[in-house]
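Visitor: In the working numbering, the protein residues as written are 27 to 266.
Here a beta-carbon is modelled for each residue, glycine too, at the ideal position from N, C-alpha and C.
Questions regarding the structure given below will be posed in turn.
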């Protein structure tokens with residue numbers, strides 16, 4: 027299923043690929059992301075083998091077709107092993123004309139260096155801090171949902187109170203009143219717990235945290251991993 031492009035709406039007849047030929051169950055983008063992950067997992071079938079980490083998996087895109095670039099390896103005549111990124115569409119023979127691969131170490135170091143030069147500057151860090159402040163104020167979905175749920179319960183309690191004032195009292199009314207009161211108490215406790223667990227960072231704290239990444243060694247794999255994981259969402263190779 028994970029390799030069948032019919033689920034992305036494509037049909038193949040020989041070397042001819044017909045996109046949108048049938049209703050798609052998943053988007054082509056999601057299918058390609060799954061393929062990139064499968065390629066990454068395929069490279070390390072056994073624990074006894076040395077794992078080569080491709081830091082730009084699902085983040086590096088082909089400059090020709092825009093599809094994912096996936097990690098590949100090869101061995102030269104001198105038995106030296108090489109690692110590089112190759113367009114997934116080219117690898118799967120899906121019509122991309124991009125034949126050249128990109129050296130793994132070179133592209134990873136280049137992207138880290140560019141990210142450091144562009145992002146880890148004082149003005150950019152301040153802009154990032156401001157955006158993160160806005161994001162953390164609206165990102166918590168638990169509290170708004172709990173507060174809306176509490177408002178609905180309180181509305182139900184008010185309706186029952188109005189019914190009681192009008193003399194409408196039944197066993198069902200009493201049972202529903204007790205249920206809503208217990209539900210209200212439970213939600214109030216959850217709201218209090220969520221408020222206690224929510225820690226909002228200040229702009230100064232965010233800036234201090236980002237500044238920790240300044241001055242790192244762009245050739246160091248751990249530093250490269252941190253920069254790519256935190257600051258790189260997607261990037262594209264140049265077309266050849």
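CB-CB under 7 Å to residue 182, same chain, minus the five flanking residues each way: which ones, in chain order?
Guide: Result list for residue 182: 206, in chain order.
Visitor: Assign residue 100 to one of three DSSP states: helix, strand, or coil.
Guide: Correct three-state label for residue 100: strand.
Visitor: Locate the alpha helix (DSSP H) running through residue 111, then write down its first and last residues.
Guide: Where residue 111 is concerned, there is no enclosing alpha helix (DSSP H), although the beta strand (DSSP E) it sits in stretches over 107–113.
Visitor: Given a cut-off of 9 Å on the beta-carbon distance, is the pair residue 159 and residue 186 in contact?
Guide: The answer is no: Cβ separation not under 9 Å.
Visitor: When you compare the stretch 171–181 with the stretch 135–142, are there three or more beta-carbon pairs, one atom per stretch, that lie closer than 8 Å?
Guide: Verdict: no, contact absent.
Visitor: Do you know how far the Cα of residue 242 is from the Cα of residue 146?
Guide: Spanning the two alpha carbons is a distance of roughly 11 Å.
Visitor: Quick one: residues in its chain with C-beta nearer than 7 Å to the C-beta of residue 81, no 5 flanking neighbours on either side, listed in chain order?
Guide: For residue 81, where only same-chain residues beyond five positions count, the Cβ hits under 7 Å are 134, 250, 251 and 254.
Visitor: Short of 8 Å in beta carbon distance, which residues of its chain neighbour residue 73, apart from the five on each side in sequence? Order them along the chain.
Guide: Because the pLDDT at residue 73 is just 40, under 50, the model does not fix this residue reliably, and the point stays unresolved.
Visitor: Go ahead and label residue 245 buried or exposed: buried means 16 or more other beta carbons lie within 10 angstroms of its beta carbon, across all protein chains shown.
Guide: With fewer than 16 Cβ atoms within 10 Å of its Cβ, residue 245 is classed as exposed.
Visitor: Nearest-angstrom Cα distance between residue 108 and residue 89?
Guide: Those two C-alpha atoms are separated by around 22 Å.
Visitor: What separation, rounded to the nearest whole angstrom, lies between the Cα atoms of residue 196 and residue 168?
Guide: Roughly 35 Å separates the two Cα atoms.
Visitor: Taking the C-alpha atoms as reference points, what is the distance between residue 214 and residue 176?
Guide: For residue 214 and residue 176, the distance between alpha carbons rounds to 7 Å.
Visitor: Kindly indicate which residue of 104, 111, 106 and 87 has the alpha-carbon position closest to the one of residue 98.
Guide: The shortest Cα separation from residue 98 among 104, 111, 106 and 87 belongs to 111.
Visitor: Below 9 Å between beta carbons: does that hold for residue 93 and residue 120?
Guide: Yes, these two residues count as a Cβ contact at 9 Å.
Visitor: In angstroms with no decimal places, state the Cα-to-Cα distance between residue 150 and residue 256.
Guide: Their Cα atoms are separated by approximately 15 Å.
Visitor: May I ask which residues mark the beginning and end of the alpha helix (DSSP H) holding residue 139?
Guide: Counting along the chain, the alpha helix (DSSP H) containing residue 139 begins and ends at 130–145.
Visitor: Helix, strand or coil for residue 80 per DSSP?
Guide: Residue 80 falls in the coil class under three-state DSSP.
Visitor: How many Å lie between residue 157 and residue 234 at the Cα?
Guide: Roughly 15 Å separates the two Cα atoms.
Visitor: Can you check whether the CB of residue 85 is closer than 9 Å to the CB of residue 261?
Guide: In contact: residue 261 and residue 85 (Cβ atoms closer than 9 Å).
Visitor: Just to confirm my understanding: we take residue 127, look at its own chain, exclude 5 residues before and 5 after, and list those with CB closer than 6 Å. What are they?
Guide: Only 110 and 112 meet the Cβ criterion.
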